[in-house]
Amino acid sequence: MGKERGKASLQSMKKEVEMREHQIPLEELCKELKVNIDKGHSEEEATKLLQQHGLNMLTPPKKRSELLAMLKCLFAGFNFLLWLGSLASLTSYLIESSQSADAKLDNASN
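Quick note: the sequence shown uses full-length UniProt numbering, first residue 1, plus one each step.
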């Protein structure tokens, strides 16, 4: 579902943005954008465009919580299997220690 939604969103973005500036001749592009090829935009036009469109900068991506990033590293992939193994080991030790008073701390040597 997530990949389908991502693909649909990407397709809708591609449909929204139609660029043909790279296909038309330079002189025609300058006329269309109302710009002088040698001098650029006038100060008034540049101010007007800045107010109309804002600064020419990318929107930063959403910041992910450091805690979520750490938890993802701790419990993703093989680390999750290690946690399961440690919980199984702790559970078996607790069961053994509850059943006998002389339970060994280390079962490596039987």
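Idealized CB from N, CA, C, for every residue including glycine.
Span separating the alpha-carbon of residue i from that of residue j
i            : j                : result
glutamine 51 : lysine 31        : 21 Å
glutamate 18 : serine 9         : 15 Å
threonine 59 : leucine 26       : 29 Å
leucine 33   : methionine 57    : 19 Å
leucine 82   : serine 12        : 42 Å
residue 136  : phenylalanine 80 : One cannot answer for residue 136 here, as it falls past the ends of the chain, which runs 1 to 110.
leucine 94   : serine 100       : 10 Å
serine 86    : leucine 67       : 22 Å
alanine 76   : arginine 20      : 44 Å
serine 92    : leucine 84       : 12 Å
histidine 22 : serine 65        : 40 Å
proline 61   : leucine 90       : 41 Å
cysteine 73  : isoleucine 37    : 52 Å
Limits of the unbroken alpha helix (DSSP H) element including residue i
i            : result
histidine 22 : Segment: none, histidine 22 is in no alpha helix (DSSP H) and carries neither H nor E.
threonine 91 : 78-99
threonine 47 : 43-53
residue 111  : Given a span of 1 to 110 for the chain in the structure shown, any question on residue 111 remains unanswerable.
Whole-number beta carbon distance between residue j and residue i, since they are thought to touch under 8 Å
i          : j            : result
leucine 49 : histidine 41 : 7 Å
Sub-9 Å separation of residue i and residue j beta-carbons
i         : j            : result
valine 35 : glutamate 45 : yes
serine 97 : alanine 103  : yes
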